[in-house]
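Novice: The sequence shown runs 65 to 439 under this note's numbering.
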Amino acid sequence: MRPRRSASDEEAQWPPAESEEHYHCLLCGESIEKGIIYPVEGVFYEAKRYMKFHVEQEHGSVFQHLIELDKDVTGLSDHQKNLVKFFKEGKSDSDIQKEMGIGSSSTIRNHRFTLKKKERQAKVFLTLMELLNDGEEEKKLPASTAAPKRSQRYSVSNEEREKILAKNFPQGLSGPLRTFHLQEKQRLVVLEELSGHFDFGTTYTEKEVNDRLTPFYDDYAVLRRYLIEYGFLERSADGSRYWRKGETGMSMESKDYKKQMKQLAKEVKTEGGVYQIKNLHNGKIYIGSTPNIKTLNGVKFTLKTNTHQNKELQNEWNTYGADAFSIEMLETIKREEEKALSKKDLLKLEAKWLEKLQPYGEKGYHSPKADTKEK
């Protein structure tokens with residue numbers, strides 16, 4: 065049986081898209097500026113790490129996000145999706161056969177072979193399409209200098225640019241777009257035109273950006289996201305300020321913003337402590353600790369995605385469902401200083417509650433021997 069990969073391994077397999085100055089979330093288009101330290105409740109993240117944090121908090125698991133997409137997107141039937149989930153969990157062919165109640169172990173092996181075949185075919189097809197695109201004419205012309213490098217393979221002559229704009233702005237350049245469902249080359253031309261409605265050296269609030277884009281397209285959020293993704297606009301990490309990328313730019317932005325964020329992080333009083341997960345069906349409890357109580361969503365996520373380290377708790381969560389459990393803090397510790405809460409203090413507090421509640425045997429999900437060894 066193949067070893068099960070952790071969530072961090074999974075993210076390493078699927079890095080964020082990267083441009084010269086940003087990381088981009090491949091799931092929602094969120095952009096994170098490089099070179100800035102991002103504080104979250106007293107914990108500091110460099111840009112790439114913060115993007116990983118964003119994916120975990122906003123999307124949970126990349127695998128879970130992708131596996132839930134429609135068949136038209138994944139090319140997988142519901143039956144194949146269930147098999148992929150079991151393969152992801154590292155279950156053996158015989159275990160999968162028993163759980164699904166189909167065929168035999170050899171049937172599962174055949175499914176593995178079929179999926180591997182699809183993987184090989186997909187790689188070949190992807191390579192063919194890349195070679196096909198490389199062979200197209202008029203691809204090596206300069207795009208706007210404000211656009212990221214990955215989009216610079218496109219170029220248009222002045223005549224072609226005018227045709228694209230005339231087609232997609234049927235009422236003139238101040239009028240609404242015909243559509244934004246465009247091929248990438250046309251999209252770049254349209255975005256470059258829209259970026260001209262923002263002045264260099266001027267900062268805008270999100271509302272001001274939206275107000276400028278609304279006359280062109282009802283879904284102004286899509287325009288805003290693509291202007292950022294393609295590098296025509298940039299924004300601060302908290303989304304409060306936007307500006308047009310260019311020569312005058314905002315060279316002071318990263319310096320000032322870093323100072324502001326570091327000062328803000330110093331002032332944040334993060335709370336950590338010991339929490340309890342209780343099975344409302346049978347009263348059994350699990351005790352855990354965290355340096356930041358806001359990360360309890362992460363605990364819920366591991367249970368929802370069948371990746372919690374306590375197997376007995378995970379099995380009963382799967383059996384009874386999320387509604388049969390409550391999660392609450394038992395005791396908190398406030399971080400008064402700039403440094404994070406001490407792991408030693410947290411484990412000491414956790415040991416206190418383990419001793420008090422004795423969540424062993426029929427009362428809980430802990431093993432006395434394992435807990436003693438851990439401490």
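Think of the CB as a built atom: it goes at the ideal place given N, C-alpha and C, for glycine as much as any other residue. Everything numeric in this text was worked out from a predicted model, so none of it was measured.
Compute the Euclidean distance between the alpha carbons of Val220 and Glu248, then round it to the nearest angstrom.
Specialist: Numbered from its first residue, the sequence shown carries residue 220 at position 156. Numbered from its first residue, the sequence shown carries residue 248 at position 184. Using only the alpha carbons, I get a separation of about 12 Å.
Novice: Between the C-alpha atoms of Ile172 and Gln373, what's the straight-line distance to the nearest angstrom?
Specialist: The residue you call residue 172 lines up with position 108 of the sequence shown. The residue you call residue 373 lines up with position 309 of the sequence shown. One C-alpha to the other measures close to 27 Å.
Novice: With distances taken between CB atoms, is the gap from Val253 to Arg225 smaller than 9 Å?
Specialist: Start at 1 with the first residue of the sequence shown, and residue 253 comes out as number 189. Start at 1 with the first residue of the sequence shown, and residue 225 comes out as number 161. The answer is yes: Cβ separation under 9 Å.
Novice: Is the CB-CB distance between Ile349 and Thr396 below 9 Å?
Specialist: Start at 1 with the first residue of the sequence shown, and residue 349 comes out as number 285. Start at 1 with the first residue of the sequence shown, and residue 396 comes out as number 332. No, Cβ-Cβ distance for Ile349 and Thr396 is not below 9 Å.
Novice: Let me know if Met193 comes out buried or exposed under the rule of 16 or more other beta-carbons within 10 Å of its beta-carbon.
Specialist: Locating residue 193 in the sequence shown gives position 129, counting from the first residue. Classification of Met193: exposed, given that the 10 Å Cβ count is below 16.
Novice: Taking DSSP as the reference, what is the three-state secondary structure of Arg299?
Specialist: Here residue 299 refers to the residue found at position 235 of the sequence shown. Strand.
Novice: Looking only at its chain, what residues have a beta carbon closer than 8 Å to the beta carbon of Ala285, apart from the 5 residues adjacent to it on each side?
Specialist: Along the sequence shown, read from residue 1 onward, the residue named residue 285 stands at position 221. Excluding positions up to five away in sequence, the list reads Asn274.
Novice: With H, G and I counted as helix, E and B as strand and the rest as coil, what does DSSP make of Lys155?
Specialist: Here residue 155 refers to the residue found at position 91 of the sequence shown. In the structure shown, Lys155 sits in coil (DSSP, three-state: anything other than H, G, I, E or B).
Novice: Gly239 to Leu229, Cα distance in whole Å?
Specialist: Position 175 of the sequence shown holds residue 239. Position 165 of the sequence shown holds residue 229. One C-alpha to the other measures close to 11 Å.
Novice: Is the beta carbon of Glu85 sitting closer than 9 Å to the one on Ala301?
Specialist: Translated into the one-based positions of the sequence shown, residue 85 becomes position 21. Translated into the one-based positions of the sequence shown, residue 301 becomes position 237. The answer is no: Cβ separation not under 9 Å.
Novice: For Gly385, name the three-state secondary structure that DSSP assigns.
Specialist: Here the question's residue 385 lines up with position 321 in the sequence shown. Three-state DSSP puts Gly385 in coil, outside helix and strand.
Novice: Looking at His345 and Ala386, is the spacing between their C-beta atoms short of 9 Å?
Specialist: Working through the sequence shown from its first residue, we reach residue 386 at position 322. Working through the sequence shown from its first residue, we reach residue 345 at position 281. No, the Cβ-Cβ distance between Ala386 and His345 is not below 9 Å.
Novice: Considering Cα atoms alone, identify which of Gly167, Asp134 and Arg176 is closest to Phe151.
Specialist: Here the question's residue 151 lines up with position 87 in the sequence shown. Cα-wise, what sits closest to Phe151 is Arg176.
Novice: Are the CB atoms of Trp307 and Thr266 within a distance shorter than 9 Å?
Specialist: As a working mapping, residue 266 is identified with position 202 in the sequence shown. As a working mapping, residue 307 is identified with position 243 in the sequence shown. Yes, they are a contact pair.
Novice: Less than 8 Å between the CB atoms is what I'm expecting for Val338 and Leu394, so what's the real figure, rounded?
Specialist: As a position in the sequence shown, residue 338 is number 274, starting the count at 1. As a position in the sequence shown, residue 394 is number 330, starting the count at 1. Val338 to Leu394, Cβ: 5 Å. Contact.
Novice: How far does the alpha helix (DSSP H) with Arg288 in it reach, from first residue to last?
Specialist: Numbered from its first residue, the sequence shown carries residue 288 at position 224. First-last of the alpha helix (DSSP H) with Arg288: Tyr284 to Glu293.
Novice: Tell me, which residues are paired with Ile341 by DSSP?
Specialist: Taking the sequence shown and counting its residues from 1, one reaches residue 341 at position 277. For Ile341, which the question treats as bridged, DSSP gives the partners Tyr350 and Ile391.
Novice: Specify, as a first and last residue, the run of the beta strand (DSSP E) that Phe108 falls within.
Specialist: Reading the sequence shown from its first residue, position 44 is the one you call residue 108. Unbroken beta strand (DSSP E) run through Phe108: Val107 to Tyr109.
Novice: Using the Cα positions of Asp120 and Leu421, report the straight-line distance between them to the nearest angstrom.
Specialist: The residue you call residue 120 lines up with position 56 of the sequence shown. The residue you call residue 421 lines up with position 357 of the sequence shown. Rather than Asp, the amino acid found at residue 120 in this sequence is Glu. If you take the alpha carbons of Glu120 and Leu421, they lie about 32 Å apart.
Novice: If you drop the 5 nearest sequence neighbours on each side, which residues of the same chain put their C-beta closer than 8 Å to that of Ser141?
Specialist: Taking the sequence shown and counting its residues from 1, the one referred to as residue 141 is at position 77. Lys135.
Novice: DSSP puts Thr278 in a beta bridge; with which residues?
Specialist: Within the sequence shown, residue 278 is the residue found at index 214, counting from 1. According to DSSP, which records beta bridges pairwise, Thr278 is partnered with nothing at all.
Novice: How many angstroms separate the CA atom of Phe262 from the CA atom of Ile292?
Specialist: The residue labelled residue 262 in the question sits at position 198 within the sequence shown. The residue labelled residue 292 in the question sits at position 228 within the sequence shown. Using only the alpha carbons, I get a separation of about 13 Å.
Novice: Select from Ser353, Leu195, Lys180 and Ser390 the residue whose C-alpha is nearest the C-alpha of Lys412.
Specialist: Along the sequence shown, read from residue 1 onward, the residue named residue 412 stands at position 348. For Lys412, the nearest C-alpha among the options comes from Ser353.
Novice: Using only CA atoms, which one of Ser168, Tyr114, Leu179 and Leu196 lies nearest to Trp139?
Specialist: Numbered from its first residue, the sequence shown carries residue 139 at position 75. Checking the displayed sequence, the identity of residue 139 turns out to be Gly instead of Trp. Looking at the Cα atoms, Leu179 is the closest of the given residues.
Novice: CB Glu392 to CB Lys342, shorter than 9 Å?
Specialist: In the sequence shown, the residue the question calls residue 392 occupies position 328. In the sequence shown, the residue the question calls residue 342 occupies position 278. Taking 9 Å as the Cβ cut-off, Glu392 and Lys342 qualify as a contacting pair.
Novice: Residues in its own chain within less than 7 Å of Thr366 by CB, not counting five upstream and five downstream?
Specialist: Working through the sequence shown from its first residue, we reach residue 366 at position 302. Here the set comprises His372.
Novice: Under three-state DSSP, which class holds Glu85?
Specialist: Looking up residue 85 in the sequence shown gives position 21. In the structure shown, Glu85 sits in coil (DSSP, three-state: anything other than H, G, I, E or B).
Novice: With distance defined between alpha-carbon atoms, name the residue in Phe264, Glu223, Gly99 and Tyr281 nearest to Phe244.
Specialist: As a first step, residue 244 is located in the sequence shown; it is residue number 180 there, counting from the start. Considering only alpha carbons, the answer is Tyr281.
Novice: By the three-class DSSP mapping on this structure, what secondary structure does Ser95 have?
Specialist: In the sequence shown, the residue the question calls residue 95 occupies position 31. If DSSP states are grouped into helix, strand and coil, Ser95 belongs with the strands.
Novice: Using the Cα positions of Lys309 and Lys375, report the straight-line distance between them to the nearest angstrom.
Specialist: Against the sequence shown, residue 309 aligns to sequence position 245. Against the sequence shown, residue 375 aligns to sequence position 311. Their Cα atoms are separated by approximately 50 Å.
Novice: Does any residue of chain B have a CB that is nearer than 9 Å to the CB of Ser141?
Specialist: Although the question refers to chain B, the structure presented lacks it and comprises just one protein chain.
Novice: Does DSSP classify Lys309 as helix, strand or coil?
Specialist: In the sequence shown, residue 309 corresponds to position 245, counting from 1. Looking at Lys309 - three-state DSSP - the assignment turns out to be coil, as it is neither helix nor strand.
Novice: Give the DSSP-derived three-state secondary structure of Pro103 in the structure shown.
Specialist: Position 39 of the sequence shown, counted from the start, is the residue given in the question as residue 103. In the structure shown, Pro103 sits in a strand (DSSP, three-state: E or B).
Novice: Suppose you measure from the CA of Val137 to the CA of Lys149; what does that come to, to the nearest Å?
Specialist: In the sequence shown, the residue the question calls residue 137 occupies position 73. In the sequence shown, the residue the question calls residue 149 occupies position 85. Approximately 17 Å between the Cα atoms of the pair.
Novice: Using DSSP bridges, identify the partner residues of Lys116.
Specialist: Locating residue 116 in the sequence shown gives position 52, where the first residue counts as 1. Answer is none; Lys116 lacks a bridge partner.
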